[in-house]
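These protein sequence lines map, in sequence, to chains A and B.
The opening residue of the first sequence carries number 1 in our numbering; numbering runs sequentially from there.
The opening residue of the second sequence carries number 1001 in our numbering; numbering runs sequentially from there.
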Amino acid sequence: NAGVTQTPKFRVLKTGQSMTLLCAQDMNHEYMYWYRQDPGMGLRLIHYSVGEGTTAKGEVPDGYNVSRLKKQNFLLGLESAAPSQTSVYFCASSSLREVIQETQYFGPGTRLLVL
Amino acid sequence: AQSVAQPEDQVNVAEGNPLTVKCTYSVSGNPYLFWYVQYPNRGLQFLLKYITGDNLVKGSYGFEAEFNKSQTSFHLKKPSALVSDSALYFCAVRPFAAGNKLTFGGGTRVLVKP
């Protein structure tokens, strides 16, 4: 199993450009999440999904959109990138089977720099 | 709303000495508490969790954590630190009613010196 993978690993954008980050998991997990990590602030939840075709807002959703067309994939889009979106983005997934007790499994991260 | 505080930005410890990383939380109802570790340029890895039962939880790599309800704390401990334990540690809380959404603390960097 590859677990949770993220594409790309690193990207530089200019202000106003758009891009999509791809997260894929091969564990058949129902739940998927997108976080951003900023120094001293831990991880903050951007959006999450409890199943194929469903998404919901997290703590910091503004400026981002997501889609979950397939169970194994969770896409994070930036329509018009801003310097404030410079961050490290992590995707995670978890099982519904024991939703309260299940841990989240994280991908390796995508480092995004917006100039 | 729930919150997690990790009061120390960095903890320095000599190899072989005990390691403690502090975490306090604020949540309504019963908390579910987690510790994750992040090595450089890597994603977070699960260390241990408290759901219910024994207040002392044992996890991966020799780590353990003690749940203290009266002090609303969940400190991470290791009796004898290794240089390879140098990493960024995150405490997280999931309230019972929050489904599967975690709230993370700001992280504590641990530096173990030989």
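Ideal placement from N, C-alpha and C gives every residue a C-beta, glycine not left out.
By Cβ distance, which residues of its chain are closer than 6 Å to S1080 (chain B), with the 5 residues on each side in sequence left out? G1016
Going by alpha carbons, who is nearest to S49 (chain A) out of A:V88, A:M19, A:Y35? A:Y35
Does the distance from the CB of Q72 (chain A) to the CB of L78 (chain A) come in under 8 Å? no
Check whether the Cβ atoms of C23 (chain A) and Q37 (chain A) sit closer than 8 Å, and answer yes or no. No, Cβ-Cβ distance for C23 (chain A) and Q37 (chain A) is not below 8 Å.
Excluding five sequence neighbours on each side, which residues of the same chain lie with their C-beta closer than 8 Å to the C-beta of P61 (chain A)? Within the same chain, Cβ atoms closer than 8 Å to the Cβ of P61 (chain A) are found at I46, H47, the five residues on either side in sequence being excluded.
DSSP on V1027 (chain B), reduced to helix/strand/coil? coil
Taking the alpha-carbon of R44 (chain A) as reference, which of B:K1113, B:V1110, B:K1101, B:Q1006 has the nearest alpha-carbon? B:K1101
The beta strand (DSSP E) with N73 (chain A) in it runs from where to where? 73-78
Excluding the 5 residues preceding and the 5 following L13 (chain A) in the sequence, name in chain order all residues of the same chain whose CB lies nearer than 8 Å to its CB. Cβ neighbours of L13 (chain A) beyond the five flanking positions: M19, L78, A81, L112, L113, V114, L115.
Exposure of V1137 (chain B), with buried meaning 16 or more beta-carbon neighbours within 10 Å: Residue 1137 (chain B) cannot be examined here, being either before or after the span of chain B that is shown, 1001 to 1114.
Out of B:L1056, B:S1060, B:Y1036, which one is the CA nearest neighbour of F106 (chain A)? B:Y1036
Roughly how many angstroms separate the alpha carbons of V1078 (chain B) and L1048 (chain B), rounded to a whole number? With the sequence shown as reference, residue 1078 (chain B) is identified as Lys, and Val is not the correct amino acid for it. So the two alpha carbons sit approximately 12 Å from each other.
If we ignore side chains and look at the alpha-carbon of each, how far apart do S1026 (chain B) and Q1010 (chain B) end up? 22 Å
How about M41 (chain A): is its C-beta nearer than 8 Å to some C-beta of chain B? In terms of beta-carbon proximity, M41 (chain A) lines the interface with chain B, with at least one pair separated by less than 8 Å.
Would you list, in chain order, the members of the segment 1059-1070 of chain B that have their beta-carbon closer than 8 Å to a beta-carbon of chain A? none
Y89 (chain A) by DSSP, collapsed to three states: which one? strand
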